[in-house]
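If you read the sequences in order, they're chains A and B. All letters in the first sequence, in the order written, are residues 1 to 163 by the numbering used here. All letters in the second sequence, in the order written, are residues 1 to 163 by the numbering used here. For reference, the structure is listed below as structure tokens.
Protein chains: 2
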Amino acid sequence: MARARVLERPQAESKRRLRLWLRLYAATSVIEREMRRFLRRHFATTLPRFDLMAALERAPDGLTMGEISRRLMVSGGNVTSIVAGLERDGLIGRRQPPSDRRTTYVALTERGRAAFAEMARAHERWINELLADASDHDVDALVDLLAGLKHSSEARAEAGRAP
Amino acid sequence: MARARVLERPQAESKRRLRLWLRLYAATSVIEREMRRFLRRHFATTLPRFDLMAALERAPDGLTMGEISRRLMVSGGNVTSIVAGLERDGLIGRRQPPSDRRTTYVALTERGRAAFAEMARAHERWINELLADASDHDVDALVDLLAGLKHSSEARAEAGRAP
């Protein structure tokens, strides 16, 4: 069905990938804006805080500040202030393992883990509702196509940065 | 092909749309990060500045500050500072039409229009390279699927906000 619609309006060759990026950006922006609204209204929190807690939830042994920066793709200054806020709220803690006193690891506290679990459940219900009108077939097709797009653009970007 | 891969790893029903959102966010983040790098390196500019100039380029009569905020989906404070910076650089100007002295419109200057045209050409070449390994078929399929996803999630979001 997607294919049939495409054939009806052929695109200039050079605009095809630009158009994809604009669509990708637009779709992500709509969902992201709604998610920020959802997190603010129901949990009085922000998307960067939620993302950081999600990254820590997947890393039971904790993450260094550098690892957090790389996973969230935000600048170091922002990570520092987000970490400070979450620590103030008792949701995360810092510790230095006896084996390596020079490195600080950030990890969720018990309270942070419980708070994130509650947010994650509500977030999953919310995203199911927001995307309810996309068919299972389209969702699965998008998941696979987006994985391919991410990997191929990452590889190109890496190649472009090679010396 | 996408379908075949999906059948190999059936997903829990409730995780399907969450997974789509995570993939969408990840793919957009990779491209956006590379684009920020590209704009900084080649044009010493930022993505919000580029986005704002792109919005003005599509509106020859100019836009009000409110219209800019809605199109860029950033907060009012940010728009004000981006507009101030572009005005300082002589890339945009403000004017009040004789018919409506209370409303200020922001528009590209001649210099801004020329600067944006150059950036847009380079940006298009760059995105063609970054996404070169995605097949035309996959690109077209993604464009259509993403348009559907954007529209259906916008409609759901509107319905959720209805009184």
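Just so it is clear, CB atoms sit at the ideal spot from N, CA and C, and this is done for glycine as well.
Quick one: what's residue i bridged to in DSSP?
{"i": "residue 39(B)", "result": "According to DSSP, which records beta bridges pairwise, residue 39(B) is partnered with nothing at all."}
{"i": "residue 107(A)", "result": "93(A)"}
Report yes if the CB atom of residue i is closer than 8 Å to the CB atom of residue j, and no otherwise.
{"i": "residue 111(A)", "j": "residue 91(A)", "result": "yes"}
{"i": "residue 47(B)", "j": "residue 36(B)", "result": "yes"}
{"i": "residue 22(A)", "j": "residue 52(A)", "result": "no"}
{"i": "residue 50(A)", "j": "residue 39(A)", "result": "yes"}
{"i": "residue 104(B)", "j": "residue 88(B)", "result": "no"}
{"i": "residue 30(A)", "j": "residue 81(B)", "result": "no"}
{"i": "residue 147(A)", "j": "residue 150(B)", "result": "no"}
{"i": "residue 145(B)", "j": "residue 138(A)", "result": "yes"}
{"i": "residue 28(B)", "j": "residue 28(A)", "result": "yes"}
Return the first residue and the last residue of the alpha helix (DSSP H) that residue i is part of.
{"i": "residue 148(B)", "result": "136-161"}
{"i": "residue 66(B)", "result": "65-72"}
{"i": "residue 48(B)", "result": "47-57"}
Assuming the contact rule is C-beta atoms closer than 8 Å, residue i and residue j should be a hit. Round their C-beta distance to whole Å, please.
{"i": "residue 124(A)", "j": "residue 18(B)", "result": "5 Å"}
{"i": "residue 69(B)", "j": "residue 79(B)", "result": "5 Å"}
{"i": "residue 107(A)", "j": "residue 56(A)", "result": "6 Å"}
{"i": "residue 128(B)", "j": "residue 14(A)", "result": "7 Å"}
{"i": "residue 117(A)", "j": "residue 42(A)", "result": "About 15 Å; that fails the 8 Å criterion."}
- Query: Would the stretch 133-140 of chain B and the stretch 127-141 of chain A be scored as touching if the rule is three or more Cβ pairs under 8 Å?
  - Reply: Using a C-beta cut-off of 8 Å, the stretch 133-140 of chain B makes no contact with the stretch 127-141 of chain A, since fewer than three inter-stretch Cβ pairs fall below that distance.
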